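Going down the list, the sequences are from chains L and P. The opening position of the first sequence corresponds to residue 912 in the numbering used here, with each subsequent residue numbered one higher. The opening position of the second sequence corresponds to residue 367 in the numbering used here, with each subsequent residue numbered one higher. Note that beta-carbon positions come from the ideal geometry of N, C-alpha and C, so glycine has one too. These figures come from a predicted structure and were not determined experimentally. Take a look at the structure below.
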Amino acid sequence: NAGVTQTPKFQVLKTGQSMTLQCAQDMNHNSMYWYRQDPGMGLRLIYYSASEGTTDKGEVPNGYNVSRLNKREFSLRLESAAPSQTSVYFCATRAGGQETQYFGPGTRLLVL
Amino acid sequence: QKEVEQDPGPLSVPEGAIVSLNCTYSNSAFQYFMWYRQYSRKGPELLMYTYSSGNKEDGRFTAQVDKSSKYISLFIRDSQPSDSATYLCAMSGGDGGSNYKLTFGKGTLLTVNP
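What follows is the structure, given as structure tokens:
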């Protein structure tokens, strides 16, 4: 039982390159979330998916797109990376009827 | 005014000390309160979860909620070097209208010195 997994663990991109961050869960949770964490800014919600087939914008969605591929997987795509997107990205999940979220180990992204 | 305020620290204490970590909030609709612990270069992990006002104890950890003052606390007794981490408070209204989004504090960095 791996919980929430994220790939890759670390990535370096050049400005303008694209990439997809992957998140998978084996907890059978309905809802999934993408956050970014920056020094002094805390955790900020980028996008979330309340259930399979639905996605909604969070606090800081600009420059990102998401896909809820199935119940297990929720990916985050950067179409044209910018240095301002240098951050640590966390995926989280939540079971139906509960308030608590469970986080993955994170992806550290550096955009040069 | 930010919805959730949390002193970023850093807070440095000797081993064995009692640690008090706090958050204040402005949204009276918040009913569910959580504390997450985040070790360096790791993801946040759920530490404590309380509903509405009152206390909850789990081993050396006690979570306290005072809704009348809009103030929550996490107490750590007999602190250990392994407690050194960033502690994040989080809360939600639980009414479904916010799609169960959590509002986080920015975290307090705690160091427990041997």
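Worksheet entry | Meets three-Cβ-pair contact criterion under 8 Å: the stretch 967–982 of chain L and the stretch 371–380 of chain P | no
Item to complete: Give a yes or no on whether 7 Å exceeds the smallest Cβ distance from P:Tyr398 to chain L.
Response: Locating residue 398 of chain P in the second sequence gives position 32, where the first residue counts as 1. Answer yes: the Cβ-Cβ gap between P:Tyr398 and chain L drops below 7 Å somewhere.
Worksheet item: If we call anything under 7 Å between Cβ atoms a contact, is L:Val923 one with L:Leu1021?
Response: In the first sequence, the residue the question calls residue 923 of chain L occupies position 12. In the first sequence, the residue the question calls residue 1021 of chain L occupies position 110. Taking 7 Å as the Cβ cut-off, L:Val923 and L:Leu1021 qualify as a contacting pair.
Worksheet item: With C-beta atoms as the reference, is L:Ser986 less than 7 Å away from L:Gln936?
Response: In the first sequence, counting from the first residue as 1, residue 986 of chain L sits at position 75. In the first sequence, counting from the first residue as 1, residue 936 of chain L sits at position 25. No, the pair does not count as a contact, with Cβ atoms beyond the cut-off.
Worksheet item: Among residues of its own chain, excluding the 5 on either side of L:Val977, which ones have a beta-carbon nearer than 6 Å to its beta-carbon?
Response: Locating residue 977 of chain L in the first sequence gives position 66, where the first residue counts as 1. For L:Val977, where only same-chain residues beyond five positions count, the Cβ hits under 6 Å are Tyr958, Thr966 and Leu987.
Worksheet entry | Option nearest L:Glu984 by Cα separation, candidates L:Thr926, L:Ala961, L:Arg947 and L:Leu954 | Indexing the first sequence from 1 puts residue 984 of chain L at position 73. Comparing Cα positions, the closest option is L:Ala961.
Discussion item. Looking at chain P, is there any beta carbon in it that lies within less than 7 Å of the beta carbon of L:Asn1011?
Written reply: Here residue 1011 of chain L corresponds to residue number 100 of the first sequence, with the count starting at 1. Looking at the sequence shown, residue 1011 of chain L is not Asn but Thr. Closer than 7 Å to some Cβ of chain P, the Cβ of L:Thr1011 qualifies, so yes.
Item to complete: Indicate whether P:Trp401 and P:Ala429 have their beta-carbon atoms separated by less than 7 Å.
Response: Position 35 of the second sequence holds residue 401 of chain P. Position 63 of the second sequence holds residue 429 of chain P. Yes, these two residues count as a Cβ contact at 7 Å.
Discussion item. Under 7 Å, Cβ to Cβ, is there at least one residue of chain P near L:Gly919?
Written reply: Position 8 of the first sequence, counting from 1, holds the residue named residue 919 of chain L. As written in the sequence, residue 919 of chain L is Pro, which differs from the Gly given in the question. No, because no Cβ of chain P sits closer than 7 Å to the Cβ of L:Pro919.
Item to complete: For P:Pro447, name the three-state secondary structure that DSSP assigns.
Response: Position 81 of the second sequence, counting from 1, holds the residue named residue 447 of chain P. Three-state result, P:Pro447: helix.
Item to complete: Whole angstroms is fine: what's the gap from P:Pro374's alpha carbon to P:Tyr405's?
Response: Locating residue 374 of chain P in the second sequence gives position 8, where the first residue counts as 1. Locating residue 405 of chain P in the second sequence gives position 39, where the first residue counts as 1. Rounded to whole angstroms, P:Pro374 to P:Tyr405 spans 15 Å at the Cα level.
Worksheet item: Got a sec, what are the start and stop residues for the beta strand (DSSP E) P:Pro380 sits in?
Response: For this step, residue 380 of chain P is matched to residue 14 along the second sequence. From DSSP, the beta strand (DSSP E) with P:Pro380 extends over Leu377 to Pro380.
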